[in-house]
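Peer 1: So the sequences go chain by chain: D and X. Its first residue numbered 0, the first sequence is counted upward by one per residue in numbering that gives the first Met the number 0. Its first residue numbered 0, the second sequence is counted upward by one per residue in numbering that gives the first Met the number 0. We put the beta carbon where it would ideally sit given N, CA and C, even for glycine.
Protein chains: 2
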Amino acid sequence: MENIPQYRKLYELLRKHIVEGVYEEGSLLPSENELCAAYEMTRPTVRHALDSLVKDGLILKKQGKGSIVRKTPKNIGILSISGTASAVGVRYLKTDILQKPMIKTWPENFSFELSELEKESGCIYMERLRFVEDEPVFYDINHLPNIYLPRITNRSFENRSLFEILRKNYQIEILGGEQKLKAVMPDKQIKKLLKLKTGQPVLHIERKLTTNRENFNIYSTIYFNSEKHAIFGSF
Amino acid sequence: MENIPQYRKLYELLRKHIVEGVYEEGSLLPSENELCAAYEMTRPTVRHALDSLVKDGLILKKQGKGSIVRKTPKNIGILSISGTASAVGVRYLKTDILQKPMIKTWPENFSFELSELEKESGCIYMERLRFVEDEPVFYDINHLPNIYLPRITNRSFENRSLFEILRKNYQIEILGGEQKLKAVMPDKQIKKLLKLKTGQPVLHIERKLTTNRENFNIYSTIYFNSEKHAIFGSF
DNA sequence: TTATTTAACTTGTATTTACAAGTTGTGTTG
DNA sequence: CAACACAACTTGTAAATACAAGTTAAATAA
């Protein structure tokens, strides 16, 4: 049963306490020796746990002083991984589905390299336009392989993010990814969709997100109107 | 002179060897016991060094197997630039120092909020223009607090990155940060510096990087010509 | 030959011990 | 009262040791 190492248990416990606010931000954690006594571990073990917290950015250690609680909400990656919604930093984001999820073949000149299995499976395609305060700011085109996803074309995406549906209904988790960012002048279609002024550039993002399923990556192309809002990310 | 800890020396050495290609991508590092023998350290010390490499994403450890040199080193936030064709190494990035590190007061309307200590310390300012294949692509303005950094204004930044100097000479590590990205039209100065065509937008980034030193954050404003290259990040 | 076991590796976890180095408050001394 | 010294903390570095657990290839048995 108890295959979890001690340092990991202490890490999880302290992490929980920190995010739940048991320790105030800026205050000191119990000293290493105190933790040793409290949880019946030796100092290297305690230090191992604390090292993990430092890595996560949850505490900051200072020699001679102690471990300072930081409680910094840190996301993985450049933009928030949990979906485009949280990337902008705005709570209310209305979504228009321009193209409901449909099955089709992969585009001819796809920007990313695909595995054999991904190629064979065909892809699911969808387009969305997202609004902040009733103004369009976000246009995203998504390609995902047509595997593991029964009945996805029937689902409603109106009020739920793509990532949320993948996680809750298909147990697909985003592990990481890569992305390329550019500043470009929009073409006519993008300009019209995002209601851009003439001469207003847009942020162009191409991302590949890897998941816990092998050969299942999510490919997105995003156009973002950065006139009034900025893409924000903490890491 | 030599009060640099052993694990750190080994870390720097292995890091150097990895980035210089002494160990091939995907190959195995010498085993921990071999490293112990070679450098006359005990295993905990060697493991400490390897842990740092794992944290940097330079190696990947696998129990029973060994330490695998990673193909794609994981970046902290946005750091690397990828050419459109193939991966242009950072090696080809020439740097012009437009403004050598100098001590001055913080700007009046600074975009970020500063702590009291940071304000009191004054700031170190530097500007750089960076080239890929002899074309300017990257213009960055950096502000850092004038603490912990003896003699930094005398150092040469020609062939070494700011982060490298902070890490090696001052033991300052980047823990994380936050950033805002926009696509903007450049002003005259930026247009001239980056030799931009008329109508070419640029990527504008503002970032705050937090470090292992309290009250020591690095503030950067970056203008990036994304016509031929893209900002690339993996996470 | 083929399948299985075993031995010899690898990294992972953990204890114990020791001293170095930075921080802070409590004294003592001038 | 103020400046200094020191003691009692804190985290940082490092050694020696032990066993657990995963991987691999060679030796062995069918």
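When you compare only the Cα positions, how much space is there between asparagine 108 of chain D and alanine 182 of chain D?
Peer 2: If I take the Cα positions, the gap works out to 21 Å.
Peer 1: Between which residues of its own chain and serine 51 of chain D is the CB-CB distance below 7 Å, once the five residues before and five after are set aside?
Peer 2: Excluding positions up to five away in sequence, the list reads Tyr10.
Peer 1: Can a CB atom of chain D be found closer than 8 Å to the CB of leucine 143 of chain X?
Peer 2: So no, leucine 143 of chain X is outside the interface.
Peer 1: What are the residues of the segment 180-208 of chain X that lie near chain D, defined by any Cβ-Cβ distance shorter than 7 Å?
Peer 2: Listed by position along the chain: Leu180, Lys181, Ala182, Val183, Met184, Gly198, Pro200, Val201 and Leu202.
Peer 1: Is the Cβ of serine 26 of chain D closer than 8 Å to any Cβ of chain X?
Peer 2: No - not a single Cβ of chain X is within 8 Å of the one on serine 26 of chain D.
Peer 1: So, does the CB of alanine 48 of chain X fall closer than 8 Å to a CB anywhere in chain D?
Peer 2: False, the Cβ-Cβ gap to chain D never drops below 8 Å.
Peer 1: Measuring alpha carbon to alpha carbon, tell me which of X/Pro135, X/Phe111, X/Gln199 and X/Val68 ends up nearest lysine 179 of chain X.
Peer 2: It is X/Phe111.
Peer 1: Using CA atoms only, rank isn't needed, just tell me which of X/Met101, X/Lys196 and X/Pro185 is closest to glutamine 199 of chain D.
Peer 2: Considering only alpha carbons, the answer is X/Pro185.
Peer 1: I'd like the list of long-range same chain contacts for leucine 192 of chain D, defined as Cβ closer than 7 Å, with 5 residues on each side in sequence excluded.
Peer 2: The answer, listed in chain order, is Leu128, Pro135 and Tyr138.
Peer 1: So, does the segment 208-219 of chain X touch the segment 53-67 of chain D, judging by three or more C-beta pairs under 8 Å?
Peer 2: The segment 208-219 of chain X is in contact with the segment 53-67 of chain D.
Peer 1: Determine the chain X residues that contact alanine 229 of chain D at a beta-carbon separation under 7 Å, and present them in chain order.
Peer 2: The contacting residues are Lys179, Leu180 and Lys181.
Peer 1: Suppose the cutoff is 6 Å on Cβ atoms and the five residues either side in sequence are ignored; what does the same chain contact list for isoleucine 146 of chain D look like?
Peer 2: Ser120, listed in sequence order.
Peer 1: Does any CB atom of chain D fall closer than 8 Å to the CB of glutamate 112 of chain X?
Peer 2: No, because no Cβ of chain D sits closer than 8 Å to the Cβ of glutamate 112 of chain X.
Peer 1: On the three-state DSSP scale, how would you describe glutamate 134 of chain D?
Peer 2: If DSSP states are grouped into helix, strand and coil, glutamate 134 of chain D belongs with the strands.
Peer 1: Determine the extent of the alpha helix (DSSP H) in which glutamine 62 of chain X is found, giving its start and end residues.
Peer 2: Taken as a continuous stretch (DSSP letters only), glutamine 62 of chain X belongs to no alpha helix (DSSP H), as it is neither H nor E.
Peer 1: Which residue or residues does DSSP assign as beta-bridge partners of methionine 125 of chain D?
Peer 2: Answer by DSSP bridge pairing, in chain order: D/Asn141.
Peer 1: Nearest chain X C-beta to serine 225 of chain D closer than 8 Å, yes or no?
Peer 2: So yes, serine 225 of chain D belongs to the interface.
Peer 1: Return the chain-ordered list of same chain residues with a C-beta closer than 7 Å to the C-beta of isoleucine 102 of chain D, the five sequence neighbours on each side being excluded.
Peer 2: Result list for isoleucine 102 of chain D: Gly121, Ile123, Asn145 and Thr152, in chain order.
Peer 1: Quick one: give me the first and last residue of the beta strand (DSSP E) that valine 201 of chain D is part of.
Peer 2: Element bounds for valine 201 of chain D: 201-210.
Peer 1: Chain D partners of glutamate 11 of chain X, CB-CB under 7 Å?
Peer 2: Those do not exist, as glutamate 11 of chain X stays about 19 Å from chain D at its closest Cβ, beyond 7 Å.
Peer 1: So with CB distances below 8 Å, who are the chain D contacts of glutamate 213 of chain X?
Peer 2: Under the 8 Å cutoff, chain D gives Leu59, Lys61 and Ile67.
Peer 1: So, under 8 Å CB-CB, isoleucine 17 of chain X and valine 68 of chain X are touching, yes? Tell me the CB distance rounded to an integer number of Å.
Peer 2: That belief holds up - the Cβ atoms of isoleucine 17 of chain X and valine 68 of chain X are roughly 6 Å apart, short of 8 Å.
Peer 1: Report the partner residues of leucine 247 of chain X according to the DSSP bridge assignment.
Peer 2: Since the first residue shown for chain X is 0 and the last is 234, residue 247 of chain X is missing from the structure and cannot be characterised.
Peer 1: At what residues does the beta strand (DSSP E) containing isoleucine 178 of chain X begin and finish?
Peer 2: Inspection of the sequence shows that residue 178 of chain X is occupied by glutamine rather than by isoleucine. Start and end: 173-183.
Peer 1: Since asparagine 216 of chain X is in the alpha helix (DSSP H), which residue starts that stretch and which ends it?
Peer 2: First-last for asparagine 216 of chain X: 216-223, but that is the beta strand (DSSP E), not the alpha helix (DSSP H).
Peer 1: So, for isoleucine 140 of chain X: in the same chain, excluding its five sequence neighbours on each side, which residues have a beta-carbon less than 6 Å away from its beta-carbon?
Peer 2: Hits under 6 Å: Glu126 and Thr220.
Peer 1: Assuming asparagine 168 of chain X is part of the alpha helix (DSSP H), what are its boundary residues?
Peer 2: Run containing asparagine 168 of chain X: 161-169, per the alpha helix (DSSP H) assignment.
Peer 1: Valine 21 of chain X: buried (16+ other C-beta within 10 angstroms of its C-beta) or exposed?
Peer 2: Valine 21 of chain X comes out exposed.
Peer 1: Would you list the one or two residues that DSSP bridges to histidine 47 of chain D?
Peer 2: Per DSSP, none; premise fails for histidine 47 of chain D.
Peer 1: Can you tell me whether isoleucine 204 of chain D is buried or exposed? The criterion is at least 16 other CB atoms within 10 Å of its CB, across all chains shown.
Peer 2: Isoleucine 204 of chain D comes out buried.
Peer 1: Here's the rule I'm using: 16 or more other beta-carbon atoms within 10 Å means buried, otherwise exposed. How should leucine 28 of chain D be labelled?
Peer 2: When all chains shown are included, leucine 28 of chain D counts as buried.
Peer 1: How should asparagine 224 of chain D be labelled, buried or exposed, when 16 other C-beta atoms within 10 angstroms of its C-beta is the threshold for buried?
Peer 2: The residue is buried, with at least 16 neighbouring Cβ atoms inside 10 Å.
Peer 1: What's the C-alpha gap between proline 4 of chain X and lysine 64 of chain D?
Peer 2: Going by the C-alpha atoms only, they are around 20 Å apart.
Peer 1: Are the CB atoms of valine 201 of chain D and tyrosine 218 of chain D nearer to each other than 8 Å?
Peer 2: Contact flag unset, no.
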